[in-house]
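Engineer: Dropping the structure in here first, questions after.
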Amino acid sequence: MTKLTSAIIKPEHFSWSIEDSVATISLNRPERKNPLTFESYAELRDTFYKLQWIDDIKVVVITGEGGNFCSGGDVHEIIGPLTKMNMDDLLNFTRMTGDLVKAMRKCPQPIIAAIDGICAGAGAILAMAADLRYGTPKSMVGFLFTRVGLAGCDMGACAILPRIIGQGRASELLYTGRMMSSQEAANWGFYNGVVEPEEVLATAVTQAKRLAKGPTFAHAMTKKMLHQEWNMSVDEAIDSEAQAQAICMQTKDFERAYHAFVAKEKPVYEGN
Numbered sequence: 003m004t005k006l007t008s009a010i011i012k013p014e015h016f017s018w019s020i021e022d023s024v025a026t027i028s029l030n031r032p033e034r035k036n037p038l039t040f041e042s043y044a045e046l047r048d049t050f051y052k053l054q055w056i057d058d059i060k061v062v063v064i065t066g067e068g069g070n071f072c073s074g075g076d077v078h079e080i081i082g083p084l085t086k087m088n089m090d091d092l093l094n095f096t097r098m099t100g101d102l103v104k105a106m107r108k109c110p111q112p113i114i115a116a117i118d119g120i121c122a123g124a125g126a127i128l129a130m131a132a133d134l135r136y137g138t139p140k141s142m143v144g145f146l147f148t149r150v151g152l153a154g155c156d157m158g159a160c161a162i163l164p165r166i167i168g169q170g171r172a173s174e175l176l177y178t179g180r181m182m183s184s185q186e187a188a189n190w191g192f193y194n195g196v197v198e199p200e201e202v203l204a205t206a207v208t209q210a211k212r213l214a215k216g217p218t219f220a221h222a223m224t225k226k227m228l229h230q231e232w233n234m235s236v237d238e239a240i241d242s243e244a245q246a247q248a249i250c251m252q253t254k255d256f257e258r259a260y261h262a263f264v265a266k267e268k269p270v271y272e273g274n
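Given below as C-alpha cells:
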C-alpha cells in the first residue's frame with residue numbers, strides 16, 4: 003500500500019490533534035465518562051489500522067476528557083443492543099472489538115495512554131493495549147466483564163494482562179472485576195509512572211515527543227519484536243532479533259548515529 007499522510011484521518015467520534023509528529027486521541031464524551039459506542043470502536047480500529055502506512059506520525063497518545071479515561075462500552079448504546087442480538091451479530095461485534103486491539107499492536111508507532119479517573123471495561127483494554135501507561139493517584143483501572151455476567155477473556159485480556167502484571171494478579175482482577183488502584187498499577191508494572199491529574203497528559207506527550215525524535219524505524223522494529231516474541235522460544239527470539247538488528251544496521255539512521263557519536267554530537271534521526 004502507498005504511504006499516506008495523517009491528513010486522511012478525520013475522525014467523527016473522538017478528538018484528534020497532531021503536534022511535533024505526535025498524534026493525540028482524546029475520547030470526548032466527558033458527561034458519560036467517555037464510553038465507547040459501536041461507531042467509536044470501529045473508528046478507533048480503522049485509525050490504528052491506517053497508521054501502518056502513515057509516516058508523519060511517530061507516536062500516538064490516547065487519553066480521555068473531563069477527568070476520566072474511558073468507562074467502557076456505553077450501557078445504552080452498546081450493552082442494551084447486545085442483549086437483543088443473535089449469535090452471528092454478537093460474534094461480528096466481539097471480533098470487531100478484538101480487531102481494535104490487533105490494530106493497536108500492529109501499528110508501528112508506540113502508543114502511550116494518559117489515564118485519569120475511571121478506566122474500566124473496554125477502556126481498561128485500550129490502556130492495556132498501549133505500549134506505555136501513565137496514571138494519576140485517583141485513577142482506577144477495572145476489567146469489569148465478570149461483573150456484568152461475561153468472561154474476563156475479552157479483547158485479548160487473558161493473553162496480554164498477565165504479561166504486564168503477572169498471571170496471579172491478572173487472574174484475580176479478571177475473576178473479580180474489581181478496580182485496580184493507582185498504587186497497585188504502579189507497583190505491578192501496569193503504569194510506567196504516576197503523576198498528578200493536571201500533569202498526566204503533559205507527561206505522556208513529553209515522553210511521546212522524546213520518542214518521536216528517536217529512530218522511528220528502530221522503534222517500530224522494537225514494537226514488532228516485543229509483540230511477535232510472545233509466541234517464540236528463547237532460541238527463536240534470539241535468531242529473530244539477530245535478523246531484526248541486521249535490518250536496522252542497514253538504515254541511514256544507524257549511520258547518522260555513528261557519525262554523530264564520532265563528532266560528539268546528538269544524532270538527528272529521519273526515520274529511514
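Take any residue in the sequence shown, count from 1 to its spot, add 2: that is its number in the working numbering. Using N, Cα and C, we set each Cβ at its ideal position, and we do this for glycine too.
Out of 263, 185, 209 and 24, point me to the one whose CA is closest to residue 143's CA.
Structural biologist: Position 141 of the sequence shown, counted from the start, is the residue given in the question as residue 143. For residue 143, the nearest C-alpha among the options comes from 185.
Engineer: Taking residue 62 as the reference, give the member of 26, 31, 70 and 217 with the closest Cα.
Structural biologist: Taking the sequence shown and counting its residues from 1, one reaches residue 62 at position 60. Per the Cα distances, 26.
Engineer: Is it the case that the Cβ atoms of residue 191 and residue 167 are separated by a distance below 8 Å?
Structural biologist: Residue numbering aside, residue 191 sits at position 189 when the sequence shown is read from its first letter. Residue numbering aside, residue 167 sits at position 165 when the sequence shown is read from its first letter. Contact flag set, yes.
Engineer: From the DSSP output, which residues share a beta bridge with residue 25?
Structural biologist: The residue labelled residue 25 in the question sits at position 23 within the sequence shown. Beta-bridge pairing links residue 25 to 20 and 62.
Engineer: May I ask you to report which of helix, strand or coil DSSP gives residue 181?
Structural biologist: Locating residue 181 in the sequence shown gives position 179, where the first residue counts as 1. Secondary structure at residue 181: strand, using DSSP grouped into helix, strand and coil.
Engineer: Count the other CB atoms within 10 Å of the CB of residue 126; is the residue buried (16 or more) or exposed (fewer)?
Structural biologist: Looking up residue 126 in the sequence shown gives position 124. When all chains shown are included, residue 126 counts as buried.
Engineer: Quick one: residues in its chain with C-beta nearer than 7 Å to the C-beta of residue 269, no 5 flanking neighbours on either side, listed in chain order?
Structural biologist: Position 267 of the sequence shown, counted from the start, is the residue given in the question as residue 269. Annotation for residue 269: 258, 259 and 262 place their beta carbon closer than 7 Å to its own, counting only its chain and skipping 5 residues before and after.
Engineer: Is residue 38 helix, strand or coil by DSSP?
Structural biologist: Residue mapping note: residue 38 aligns to position 36 of the sequence shown, counting from 1. Strand.
Engineer: Relative to the C-alpha of residue 82, which candidate in 133, 40, 51 and 59 has its C-alpha closest?
Structural biologist: Taking the first residue of the sequence shown as 1, we reach residue 82 at position 80. Of the candidates 133, 40, 51 and 59, the one whose C-alpha sits nearest the C-alpha of residue 82 is 40.
Engineer: Measuring CB atoms only, is the stretch 123-138 touching the stretch 235-254, in the sense that at least three cross pairs come out at less than 8 Å?
Structural biologist: no
Engineer: Which residue wins for smallest C-alpha separation from residue 112, given the options 147, 177, 264 and 217?
Structural biologist: For this step, residue 112 is matched to residue 110 along the sequence shown. It is 217 whose Cα lies nearest to the Cα of residue 112.
Engineer: Cα-Cα, which of 219, 132 and 88 is closest to residue 159?
Structural biologist: As a working note, residue 159 is residue 157 in the sequence shown. Here the closest residue by C-alpha is 132.
Engineer: In three-state DSSP terms, what is residue 135?
Structural biologist: Position 133 of the sequence shown, counting from 1, holds the residue named residue 135. If DSSP states are grouped into helix, strand and coil, residue 135 belongs with the strands.
Engineer: Please classify residue 117 as buried or exposed, where buried requires at least 16 other C-beta atoms within 10 Å of its C-beta.
Structural biologist: Taking the first residue of the sequence shown as 1, we reach residue 117 at position 115. Here residue 117 is buried, its C-beta having at least 16 other C-beta atoms within 10 Å.
Engineer: Measure the beta-carbon distance from residue 80 to residue 130 and round it to whole angstroms, keeping in mind my assumption that it falls under 8 Å.
Structural biologist: The residue labelled residue 80 in the question sits at position 78 within the sequence shown. The residue labelled residue 130 in the question sits at position 128 within the sequence shown. Between residue 80 and residue 130, the beta carbon gap of about 19 Å keeps them out of contact (Cβ cut-off 8 Å).
Engineer: Checking 8 Å against the spacing of the C-beta atoms, do residue 16 and residue 105 come in under that value?
Structural biologist: Looking up residue 16 in the sequence shown gives position 14. Looking up residue 105 in the sequence shown gives position 103. Not a contact, by the Cβ cut-off of 8 Å.
Engineer: Quick one, are the C-beta atoms of residue 120 and residue 71 less than 8 Å apart?
Structural biologist: The count along the sequence shown starts at 1 and reaches residue 120 at position 118. The count along the sequence shown starts at 1 and reaches residue 71 at position 69. In contact: residue 120 and residue 71 (Cβ atoms closer than 8 Å).
Engineer: For residue 54, which residues of its own chain have a beta-carbon under 7 Å away from its beta-carbon, when the five flanking residues on both sides are left out?
Structural biologist: Taking the sequence shown and counting its residues from 1, the one referred to as residue 54 is at position 52. Taken in chain order, the residues that qualify are 108, 109 and 110.
Engineer: Given a threshold of 16 other Cβ atoms within 10 Å of its Cβ, counted over all protein chains shown, does residue 156 qualify as buried or as exposed?
Structural biologist: For this step, residue 156 is matched to residue 154 along the sequence shown. Classification for residue 156: buried.
Engineer: Report the option in 38, 9, 183 and 101 whose CA atom is closest to the CA atom of residue 75.
Structural biologist: Residue mapping note: residue 75 aligns to position 73 of the sequence shown, counting from 1. The shortest Cα separation from residue 75 among 38, 9, 183 and 101 belongs to 38.
Engineer: Taking residue 147 and residue 179 to be in contact with their CB atoms under 8 Å, please state how far apart those CB atoms are, rounded to whole angstroms.
Structural biologist: Start at 1 with the first residue of the sequence shown, and residue 147 comes out as number 145. Start at 1 with the first residue of the sequence shown, and residue 179 comes out as number 177. Confirmed, about 6 Å.
Engineer: Taking buried to mean at least 16 other C-beta atoms within 10 Å of its own C-beta, is residue 209 buried or exposed?
Structural biologist: For the purposes of this step, residue 209 is taken as the residue at position 207 of the sequence shown. Buried, because 16 or more other Cβ atoms sit within 10 Å of the Cβ of residue 209.
Engineer: By a C-beta neighbour count over all protein chains shown, 10 Å radius and 16 as the cutoff for buried, is residue 174 buried or exposed?
Structural biologist: The residue you call residue 174 lines up with position 172 of the sequence shown. The residue in question, residue 174, is exposed, as its Cβ has fewer than 16 Cβ neighbours within 10 Å.
Engineer: Considering just the uninterrupted stretch of the alpha helix (DSSP H) at residue 239, what are its terminal residues?
Structural biologist: Within the sequence shown, residue 239 is the residue found at index 237, counting from 1. Unbroken alpha helix (DSSP H) run through residue 239: 236-250.
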